[in-house]
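Q: So for the sequence shown, my numbering puts the first residue at 5; every next one is plus one. Below: one structure in structure tokens.
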Amino acid sequence: MPNIESAKKRMRQSKKRRALNKWRKERLKLQVRSLHEAIRVKDLETAEAELRKTCSILDKVSTTSTMHKNTAARKKSRLAMRVNALRST
Numbered sequence: 005m006p007n008i009e010s011a012k013k014r015m016r017q018s019k020k021r022r023a024l025n026k027w028r029k030e031r032l033k034l035q036v037r038s039l040h041e042a043i044r045v046k047d048l049e050t051a052e053a054e055l056r057k058t059c060s061i062l063d064k065v066s067t068t069s070t071m072h073k074n075t076a077a078r079k080k081s082r083l084a085m086r087v088n089a090l091r092s093t
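Below is the structure:
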């Protein structure tokens, strides 16, 4: 445990930020999981709706320090490719 006041405050801030980052990442994982499920059952309409929701969450997460914007863009691109592959079959 820290003894200095600034170190105590830093620890409190880190705890809050860690919890918020974990919540954001878990929310994103759940959304990606539902998108993968829609792709697995080959439901194009649901997959497109889930892709829109997923991209929205990725954009929101990438504006914070939780995820880099290029990482979010890469994930969006790869998910969109999978939905487009579903569309072409």
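We treat Cβ as the ideally placed atom computed from N, Cα and C, and that holds for glycine.
Am I right that residue 51 and residue 39 are in contact with their C-beta atoms under 8 Å? What's the rounded C-beta distance?
A: Their Cβ separation, rounded to whole angstroms, is 7 Å, which keeps residue 51 and residue 39 in contact under 8 Å.
Q: With three or more beta-carbon pairs closer than 8 Å as the criterion, would you say the region 8-20 touches the region 28-38?
A: No, because fewer than three Cβ pairs between the region 8-20 and the region 28-38 fall closer than 8 Å, the two stretches do not touch.
Q: Rounded to whole angstroms, what's the CA-CA distance from residue 13 to residue 44? Just pull it up for me.
A: About 46 Å.
Q: Hey, quick one: how far does the alpha helix (DSSP H) through residue 61 stretch, first residue to last?
A: It spans 48-66 - the alpha helix (DSSP H) in which residue 61 sits, taken as one unbroken run.
Q: Determine, using beta carbons only, whether residue 83 and residue 55 come nearer to each other than 8 Å.
A: Going by C-beta atoms, residue 83 is nearer than 8 Å to residue 55.
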